[in-house]
Structure formats: C-alpha cells, structure tokens
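**Student:** Taken in sequence, the protein lines are chains X and E. Count along the first sequence from 1, add 741, and you get the number used in our numbering. Count along the second sequence from 1, add 1, and you get the number used in our numbering. Backbone N, C-alpha and C define an ideal beta-carbon position, used for all residues, glycine too. Since this is a predicted model, take the numbers as computed values, not measurements.
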Amino acid sequence: MREFRYERADDVDGAVALLAADPDGAFLGGGTNLVDLMKLGVATPDLLVDVRQLTSVEVTGLPDGGLRIGAAVPNADLAADRRVRERFPVLAQALLSGASGQLRNRATTGGNLLQRTRCGYFTDVTKPCNKRAPGSGCGALEGVHRNHAILGQTLDGPGACVATHPSDMAVALVALDAVVQVVGPDGERGIPIRELHRLPDDDPSRDTTLRHGELITAVDVPVLGFASRYRKARERASFAFALVSVAAALRVEDGVVADVRLALGGVAHAPWRATAAEAALRGQPATEEAFGAAADAELAAATPLRDNGFKVPLARNLVVRSLLDLVEVAR
Amino acid sequence: MTTIDRLVGAGVDRIDGPAKVRGTAAYAYEQDPGEPIAHLAVVQSTVNRGRITRLDPSRAEAMTGVLAVLTPANAPRLAGDLASDLPVLQSPEVHYQGQVVAAVVAETSEIAKAAVGGVVVEYAAEVPDVVLSADRDDLYAPEKVMAGFDTDSVIGDVDGALAAAAVTVDATYETPAQHNNPIEMHASMARWDGDSLTLWDANQGPHTIVSDLVKGFALEPGQVRVISPYVGGAFGSKAFTHPNQMLAAMAARVVGRTVVFELTRQQMFSLVGHRTPTIQRIRLGADPEGRLTAISHEVVEHTSKISEFAEQTATATRVLYAAANRRTTHRLARLDVPPPTIMRAPGETPGMFALESAMDELAVALGIDPVELRIRNEPAEDPERHVPWSSRHLVECLRTGAERFGWAGRDPRPRMRTEGRWLVGTGVAAATYPTRRRKADCRISVDGRGRYVVEIDGSDIGTGAWTTLSQIAADALGVGLDAVELRIGDSRLPRAGGAGGSTGLASWGSAVVLTARDLRRRLEEQYGGQLPADGLVVDGGVGGESPHAKTHSMHAFGAHFVEVRVDRDTGEVRVPRATSVYDGGTIVNAKTARSQFLGGFSMGISMALHEESQIDARLGHYVNHDLAEYHIATNADIGELDISWLDEPDELANEIGLKGIGEIGITGAAAAVANAYWHATGLRIRDLPITPGKYFRELGLT
Chain X
742 MREFRYERAD DVDGAVALLA ADPDGAFLGG GTNLVDLMKL GVATPDLLVD VRQLTSVEVT
802 GLPDGGLRIG AAVPNADLAA DRRVRERFPV LAQALLSGAS GQLRNRATTG GNLLQRTRCG
862 YFTDVTKPCN KRAPGSGCGA LEGVHRNHAI LGQTLDGPGA CVATHPSDMA VALVALDAVV
922 QVVGPDGERG IPIRELHRLP DDDPSRDTTL RHGELITAVD VPVLGFASRY RKARERASFA
982 FALVSVAAAL RVEDGVVADV RLALGGVAHA PWRATAAEAA LRGQPATEEA FGAAADAELA
1042 AATPLRDNGF KVPLARNLVV RSLLDLVEVA R
Chain E
2 MTTIDRLVGA GVDRIDGPAK VRGTAAYAYE QDPGEPIAHL AVVQSTVNRG RITRLDPSRA
62 EAMTGVLAVL TPANAPRLAG DLASDLPVLQ SPEVHYQGQV VAAVVAETSE IAKAAVGGVV
122 VEYAAEVPDV VLSADRDDLY APEKVMAGFD TDSVIGDVDG ALAAAAVTVD ATYETPAQHN
182 NPIEMHASMA RWDGDSLTLW DANQGPHTIV SDLVKGFALE PGQVRVISPY VGGAFGSKAF
242 THPNQMLAAM AARVVGRTVV FELTRQQMFS LVGHRTPTIQ RIRLGADPEG RLTAISHEVV
302 EHTSKISEFA EQTATATRVL YAAANRRTTH RLARLDVPPP TIMRAPGETP GMFALESAMD
362 ELAVALGIDP VELRIRNEPA EDPERHVPWS SRHLVECLRT GAERFGWAGR DPRPRMRTEG
422 RWLVGTGVAA ATYPTRRRKA DCRISVDGRG RYVVEIDGSD IGTGAWTTLS QIAADALGVG
482 LDAVELRIGD SRLPRAGGAG GSTGLASWGS AVVLTARDLR RRLEEQYGGQ LPADGLVVDG
542 GVGGESPHAK THSMHAFGAH FVEVRVDRDT GEVRVPRATS VYDGGTIVNA KTARSQFLGG
602 FSMGISMALH EESQIDARLG HYVNHDLAEY HIATNADIGE LDISWLDEPD ELANEIGLKG
662 IGEIGITGAA AAVANAYWHA TGLRIRDLPI TPGKYFRELG LT
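Set out below in structure tokens:
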C-alpha cells in the first residue's frame, strides 16, 4: 500500500478543487471497494478526499414523480426507501441482491456506480491486465474467465479486455434511464447513465466518462409508471457477483408490448442496455415466443469466450422469465 | 470423593465461549510479548518454476522503519533436512508461484507491506506445468499414500468380474483443487531469549511445530516452546509446519525482537497447502439383484515437485461395500504447484464423491432404490482386511435417516417433481471415516483441597476440545467440571498428537482417562482414598492405537439424505433441507458434536456447489484467491439440516467409546447433493462444483 494523504473539504466545490489539483488523487465514499484495491496495490492514490459528508444522504421527490438520490445515500437506506420500493422495485431488488448487509450499510450510491471490476487479473498486480497496466495484455482472455463478458469486449490489440462491471444497482439505473448529476472543475452537468459507463474499446483503463475531479452529487430517476423487476443469477445464494442479471420493466396494452426496458448485468464492461431486444419487442405480442426472439436479437452479437458460453442461454432464459413474470404482475 | 452424574454426553456450553465472545481469548496474532513487536511481510515469486537472477532489496532497506530484508543471499542458514517448502530463503530456486523469495521486517505492518514493493526481483522462468490429466505419461505410483495406506489394493479378478457382470457402471469423476480457508489466517509470533525460542502460533498441534523448529534451527527440544491456546479454525492447513513459522523465527533472530507474521487471505492460497484436484475412474459390476461383484477405483491426483503428498483418495472404497473382486490405485503427477496438504477428511472427501455418485448411477441402472442397494452390499466384515468391525451401524444410519427424511415412496425417476420453476429431487449417500488413536502423554495433579489440573498438549481448533476434554476428565476423576482445570495448547505440556485425522479426542481422552484411573487407584491404594495434604501428581498416557486395532476394522459411519432444488431457467442450485444420521460412537458433548456434524456437512454442500480453486494454465497461479471469488457456502446456501446420531459406543476403539467426528460429516455429502441434483434434473454432473454453467453444458447449450 502506498502512503497517501487524507483530506476533507468544507463543501463539494472545495473537494473538487482539492482533487482537480492532484492528478493522482481519488474521492473516498464508503471505501468498500477503493480501500481493498489500495491494500492490494491496484489503486495507488496519493490523496484521498473524503466526500461522505459532502453530498446528500436524502432521497427527495422530483416534480414528475421521479426521485433524486443523494450521492451519499447508503445502499441499504436506498433499498429500504418506501418510494423506491413502490415506484422502482427493480432498483430496490437490485440493491438487495448485491454485497452483504454490512457492505450495503457502508456503500454509497455514487460509489456503487464507480465500482471497479472484480476480474482476478485486475486485482492481482503481478498479472497482465490492460485495465490496470495498459499494454500489459489481458490475462483473462485466455485464462480464467468463467464470469467474464460476452458482449462488447475488446478481444485483441492493446485494448483487449473482457472484464465485467460488477454493480447490480447500476444495471437497474440503466434500465430506468437515470441521470447522474456531477460537479466538476468546469461546473455542473447531468450525464445520462447510459453515457456514464463505457465499453473498453481501445482504452479499458477508463471505466467511465467522468473527467478527473468530477464528483457525483446525485442520481435522478425519472418516473417509470409500470412494473419492473430485477433478477440475478449467481453461483451462490448470497454475496456473489452476477453471472447474469436482468433489470426489466414492461407495459402491456391489449396483449401487446407498449413499452419495455431491458438491461443486462454481468455480460459486459458496462451495464448493458438491451436496445435490440427492446426494439424487437415494441408492438409485438407479449408472449414467451416474442420474448425469446427479442432475447435472441440482443444476444446475436454475443462473442462468448472459451469458458463462459453458458451466459448466452442463461441471459436468454433470464430475459424471457423476467418478462413473463412482469406479464403475470400486470394481470 | 462424590459420585456425580456423567458429564460425557451432556450438551455442556463451551468453556472458552465467554472469552471468545468477549474477545479476550488471545489468538497468536494478539499476544503481548511485553515489548514492541516487529512485523514481517513477504515478497512472493510471480513465477512457478525457475530461479532468481537478480534480487535488489536496497530500495526497501532504505525505507524508514524497515529493520531488515531477508533474502536467499543473507537469510540465516537452516539446518537439517527440512521437508517440502520449509527451507525458506535457502536457495534462489523457485518451485511454485507464491514461494517466499524475500521477507521484510519493519516497525509496523503497513511499512513492511509497503516495503515489499521496494524489493526488485527478476527471474529466469520456465513454462509452468500445472494441469493435471489422466493421460499424462509421467504419472507414478507413490510408495505409500497418506496415513500409511497402501498405494494399491488388488483382490480377485476385477476385469473378469466386470466383463461377466449383469450390470456395470464405468464413469470418471473429477474434483477440483480446494483451499482451506479458516477464518483465522495462519499467524506466528516469534521471540528469542538467548538460544531459546518462544512461538505463539496458529496450529493444530504445538509438538508438531516444535520438531521442525528444532531441526531447522539446530536446537534441543527444550529450547523451543510453541504456545497455541486458541486457534480460529484449520481444517488441516495448520496440521503441519509451513513457511510462516520458519520465517517468524528466522526474522526474530535477525532483528533481535519479537516478530509477528500473519498471512493475508491471498497468501493462504499459496503458502499453507490445498487439497489436490482428483480424476477418479470408478467401475462397478453387479448381479441383477444389485450385489456388487467388482469394484474398481483408480485415482489420479497431483503433488508438488518439492514434496510428495499422496492423498488417500480411494481408501474408503476399501471398506464401504462388499464385493469379491476389488481394485484401488493411486497415481500422482508432480506439478509446479505449491505443496498440497490435508483438508478435512483428505481421501474420503473426494473419494466418496466418486464412489457414492457411482453407487447412485448403479442404483439407477439396476432399478433398485439407492438406500436398498447400499444395504444389499453391507459387508459382514472388513472386505479387504477380512477382520470384524469394532462396530458398524451404517445400515441403521440409512434406515433411520430414510425415516426421518421421509424417503419412503420416492419416485426414482428423474425430473418428475417441480415446484414453480424449481426442479426438485432427493438423493442419498453414505459417509465413513476411519477411527484411530495416537500416542498421548498426560499429567494430572491434585492438591489437598481436591482441585485437579489436567495437562496435555491437545489442541482446540474450534472443535470444542477445551470443553469435551474437561468433561472426560471430570467423569474419569469422578468430580464436577469446576474441580478440573484443563491445560492444552502448549508444547511444555505432556506430548500428544495434534488435532487431525479425527484422532484428537480419542487420543487425548484416552490418555486422560487412563491417567485419571491411575491417580484414583493410587489414592485408593496409597492414601486410603483420602487426598494427601500436599497433593499428588501422576504421569500417564496412552501408547497409540487401540489394542484391538489389529484385529478389528474401526470406522465411523453415517448417511446423508438431501433435497435439492434447481432453477430450470438459471441452473442455480439450492439445498433446502437435509438429514444426516451418524454412527460416531460415544458422543461426548451433544452441543459441540452437533456443531462438528453441521460444519462438516455444510462444508460438503460447499464442496458440491461452490469450492474450486481456479488455476491459470499458462500463468500458473490460483486466480480466485480471495473469499469474494473463492466461493464458500454462505448462510443463505444452507437450509434446514436435521442432524442426529445413534447412541452406540464403540467399546473396542478407545477408553471413551468414541469414534472421532471432526471429519465424518463432509464425507459423502457432495455425492448426496449430486445424486439429488440428478434426481431433480436428469443431469449427472461428475465434475465438481455443480455450477449453473454446467447445467447449460449438460443441456448442450454452450
């Protein structure tokens, strides 16, 4: 572990200024991921700016019926919020399917979005990883990759990376079209969450489109108005990252799909919005056959690795089952 | 002296419970030697095979707070022919990934760990050879397998009997490498006073550690003291000496201070052993009524290049069922892996997965109920040694378990029961584990007021030995628990074997009983039954195996019944309920025994569904080396477990009639889960763990 300085600022602008002045610094939220990575030597900030007291710990209503979630709201509190449970069950379910009770008490909304991959090559500084050490190669590509990506990977070249994004919450927020509010050295901006996380492309070292010094202050979730759910498949009943997860919302009118949201977790470097499946479904009958065809349309682009081909039929089954369950809920 | 009710059998609360709950029970890392403690951290090899070509510690040495950097060039020379990975820092040769190539000693743990990054090491590395397969051309037969068993056993004409059998099963089963992960990481705190060494240490038997330290540092036994009153779990990884003890002692000598070394969780995956992966071919032949005519069990497993650890995987197959023609074999590959070691029920655990899965496949092939099939093959005597059982109640365990579980009326066809999206099935498997005893010395002293002190170098690694041994002592002395002070976990105490092989209580308990008997006889004969005013000290013990061990076959038995649910959409597996019934001889403490059975069986579920050390075939390391990625069953994975036992003391096994229960619970458990999985899904998974990925593989969808 590298020695580091620890600072607190009086307000968000002060924190942003502190970090903007230090290219090797990092914000500290709940620390449930960053501190582990520092112990392993994977993250080596020379400055930690503690922002836990700076952003809101409140969930407040937005005029349209949506919610604004303060960046410091603990995962446990967010999952327990009555409005979240009633209006966005997909979000509450996603939160409760992640980590453990202790971690959810500590982890923040902003920090959850910025979790780094649990790829075993990323977390071991003695092994090749283009995300941690650009140009060193991707150890997982031909190595142990049972739980790695099947969509949107970079399979060769200096940007090769097959890591997955570990967050459950982010998958739900992607399905919900959330907007991430940030304050940075150049002022405030709102980032549609689908533009926050990025695919590895030619630079897997960058997980997100955040600029250095930008601090997440809140996450806005617009009103949804129809049924949603989160379903996560994992190798043990608790405290395991998703093999595949599905965040789904569905509105059916007269047996026809009027609106649908689908996002997949555990399949890509970013929460994966299943736009092809959504497009294939709109206006189609809400049947198992149509759901399967939509899943196939999305997964046609899958490029599974040697040992994770099971994620394709697993994702298909989860999509179909989640949508069928939502049809049941609507009845 | 007053006669009181027997304490053995009662569910006495753990004597050490309050101290552990309050955090006042000091583990090795928490000891206070009365001086500032220096901390040790290690630099580990990043290659599996090769040699160090350059090692530059200068940047680490220059860091403030660093006291010393030990390297193969400057580390104290160790004497003797230390085995395996114990000659730490004695050579530039690298034999496995994670091998210690340098050690930093510093004022704080943080400085030591930071300085590890300041040691530059370069290697001339060779391509690692880490993949086990049954068709390697370098497999060899070890001279013996673990615990002194013969490598092979061949009786009759197996091939002929298989060819003539009405029904046969021929299947290959695989279990992955697994790692012991006790909650307390291995930790050693060393302090030298002149030429005398004190080591506070997490281990399963202080005397075992002493002998390696005596050898390595060329000392007399009286110059080394190992103290280990509390140990936070072990499962076998703490049975033998590992590099941590040698390093702590070495570093303390170099810096002239007390030094502590606690492994990180990641280091647990390279420095303290693992369970070998296995590839096991089982062939069974039976007549139409299900009577076995042939059993063949051929095992392929690995060991490391620098040590031979030959897991006794097929040995349970030598005792479980009757058959006239039998063959068991063990073959090893020497790979560039860290030395494997003991992990709960080494041998029986992987071996019983294969045998008991194959028995289920045979039951299906025959159309015979799997409980009935096992009963039909109950041997009247040990089928290979041809001696009688000291006691054997497997059939009773099966029948009692079937009753408690509600086995009767089970539809044997697979994939017939569903609940919602769950496919539901049930399965059964037998359990067995040898009953043994080791030599143990003991001293009991009594003062004039009737206070007894019982001293023996036993170990409580979370098993409950503090409590159970006190119960045995109190009964043997004819006094209450409060009149007995037990002293264990210190090599200054009378010598005894460690907690391992489920021999602890059999050995220590027998030693205590025999010594207590001697003390009571002397009180009677020499003092007319009165306590002498200045007390009495008696040394005694037990010489080793039961006098009946040569003429009888001694084993614990059990039966597991498991319900499994498999999500048909995801392949996720749950075990909502299970029943296990054990023949463990005398149960000394109903509460701690239940915990042992529960823990063993839960570890079996964990093995069936989760545990797998994933090795990178090219880079040669265990990739999932932490508890987030090396999955162990969580509470949510364990359903309702119905644990019970037959009350059948084994009078021939030892003075207490107990059989040793630390390991029996895990044996057979994974097979029971796999068999229930087959019943639920119609899919036979022969390679553990049973993951969702394998569900789709078996469905042909990957």
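Beta-carbon of R1047(X) versus every beta-carbon of chain B: anything under 8 Å?
**Tutor:** Absent from the structure is chain B; the protein chains it does hold are X and E.
**Student:** If you pair each beta-carbon of the region 399 to 409 of chain E with each one of the region 426 to 434 of chain E, do three or more pairs fall below 8 Å?
**Tutor:** yes
**Student:** Closer than 9 Å, Cβ to Cβ, to anything on chain X: give me those residues from the region 676 to 694 of chain E, in chain order.
**Tutor:** P690, T692, P693, G694
**Student:** Do you know offhand how far L506(E)'s Cα is from E456(E)'s?
**Tutor:** 14 Å
**Student:** At least one CB of chain E closer than 8 Å to the CB of N1058(X): is that the case?
**Tutor:** yes
**Student:** Answer yes or no: does any C-beta atom of chain X fall closer than 8 Å to that of E31(E)?
**Tutor:** no
**Student:** Excluding the five sequence neighbours on either side, which residues of its own chain have a C-beta within less than 6 Å of the C-beta of H298(E), listed in chain order?
**Tutor:** I283, A315, T318, T329
**Student:** DSSP three-state call for Y678(E): helix, strand or coil?
**Tutor:** helix
**Student:** Might you give, ordered along the chain, the residues of its own chain that have their beta carbon closer than 6 Å to the beta carbon of M2(E), omitting 5 neighbours on each side?
**Tutor:** Bear in mind that a pLDDT of 38 at M2(E), under 50, signals an unreliable position, so the number given afterwards is only what the model happens to contain. Excluding residues within five positions, the ones whose Cβ falls inside 6 Å are G479.
**Student:** Spell out a yes or no on whether the region 285 to 301 of chain E and the region 156 to 172 of chain E are touching, meaning 3 or more CB-CB pairs, one atom from each, closer than 8 Å.
**Tutor:** yes
**Student:** Does the beta carbon of K872(X) come closer than 8 Å to any beta carbon on chain E?
**Tutor:** no
**Student:** Give me, in chain order, the residues of the same chain whose beta-carbon lies closer than 8 Å to that of V589(E); leave out the 5 immediate sequence neighbours on both sides.
**Tutor:** V9, G10, T469, Q472, I473, L506, G510, I657, L659
**Student:** Please go through the region 161 to 235 of chain E and give each complete beta strand (DSSP E) segment of 3 or more residues, from N-terminal end onward.
**Tutor:** 168 to 176, 188 to 194, 197 to 202, 225 to 228
**Student:** Please work out which residues of its chain come closer than 7 Å, Cβ to Cβ, to A833(X), disregarding the five sequence neighbours upstream and downstream, and give them in chain order.
**Tutor:** A820, V825, R826
**Student:** Starting from the C-beta of E108(E), find all residues in its chain whose C-beta is less than 6 Å away, skip the five residues before and the five after it, and write them out in chain order.
**Tutor:** G66
**Student:** Whole angstroms is fine: what's the gap from G839(X)'s alpha carbon to G771(X)'s?
**Tutor:** 15 Å
**Student:** Return no unless some Cβ of chain E is closer than 8 Å to the Cβ of L789(X).
**Tutor:** So, not an interface residue.
**Student:** Report the residues of the region 995 to 1028 of chain X with a CB closer than 7 Å to any CB of chain E, ordered along the chain.
**Tutor:** none
**Student:** Since Y1(E) and E664(E) are thought to touch, with beta carbons under 8 Å apart, how far apart are those beta carbons, to the nearest angstrom?
**Tutor:** Since the first and last residues shown for chain E are 2 and 703, residue 1(E) lies out of range.
**Student:** Does P1054(X) come out as helix, strand or coil in the three-state DSSP assignment?
**Tutor:** helix
**Student:** Between N625(E) and chain X, is any beta-carbon pair separated by less than 8 Å?
**Tutor:** yes
**Student:** Are the region 746 to 759 of chain X and the region 930 to 937 of chain X in contact at 8 Å, needing three or more beta carbon pairs?
**Tutor:** A contact between stretches requires three or more CB pairs, one per stretch, nearer than 8 Å, and the region 746 to 759 of chain X fails this requirement with the region 930 to 937 of chain X.
**Student:** On the criterion of 16 or more Cβ atoms from any shown chain inside 10 Å, does N378(E) qualify as buried, or is it exposed?
**Tutor:** buried
**Student:** What does the alpha-carbon distance come out to for the pair E221(E) and D82(E)?
**Tutor:** 16 Å
**Student:** Evaluate the contact criterion for the region 1036 to 1052 of chain X versus the region 885 to 895 of chain X: three or more CB pairs, one atom per stretch, below 8 Å.
**Tutor:** Result yes; three or more Cβ-Cβ pairs closer than 8 Å.
**Student:** Kindly say whether L844(X), judged by its beta-carbon, lies nearer than 8 Å to any beta-carbon of chain E.
**Tutor:** no
**Student:** Taking Cβ to Cβ, would you say A637(E) is nearer than 8 Å to R859(X)?
**Tutor:** Contact flag unset, no.
**Student:** Consider the Cβ of R743(X): report whether some Cβ of chain E lies at a distance smaller than 8 Å.
**Tutor:** yes
**Student:** So, does the CB of D617(E) fall closer than 8 Å to a CB anywhere in chain X?
**Tutor:** yes
**Student:** Which same chain residues, not among the five before or five after S184(E), have their C-beta less than 7 Å away from its C-beta?
**Tutor:** Note that residue 184(E) corresponds to Ile in the displayed sequence, not to Ser. Contacts found: G233, G234.
**Student:** Can you have a look at P804(X) and say buried or exposed, based on whether 16 or more other CB atoms are within 10 angstroms of its CB?
**Tutor:** exposed
**Student:** By DSSP's criteria, H938(X) is part of a beta bridge. Which residues make up the other side?
**Tutor:** T949(X)
**Student:** Since A999(X) is in the beta strand (DSSP E), which residue starts that stretch and which ends it?
**Tutor:** 997 to 1006
**Student:** Could you tell me the boundaries of the alpha helix (DSSP H) in which G99(E) lies?
**Tutor:** Run containing G99(E): none; DSSP gives neither H nor E here.
**Student:** Check this for me: beta carbons of L769(X) and L760(X), under 8 Å apart or not?
**Tutor:** In this structure, L760(X) does not lie closer than 8 Å to L769(X) by Cβ.
**Student:** Return helix, strand or coil for Q313(E), following the three-state DSSP convention.
**Tutor:** coil
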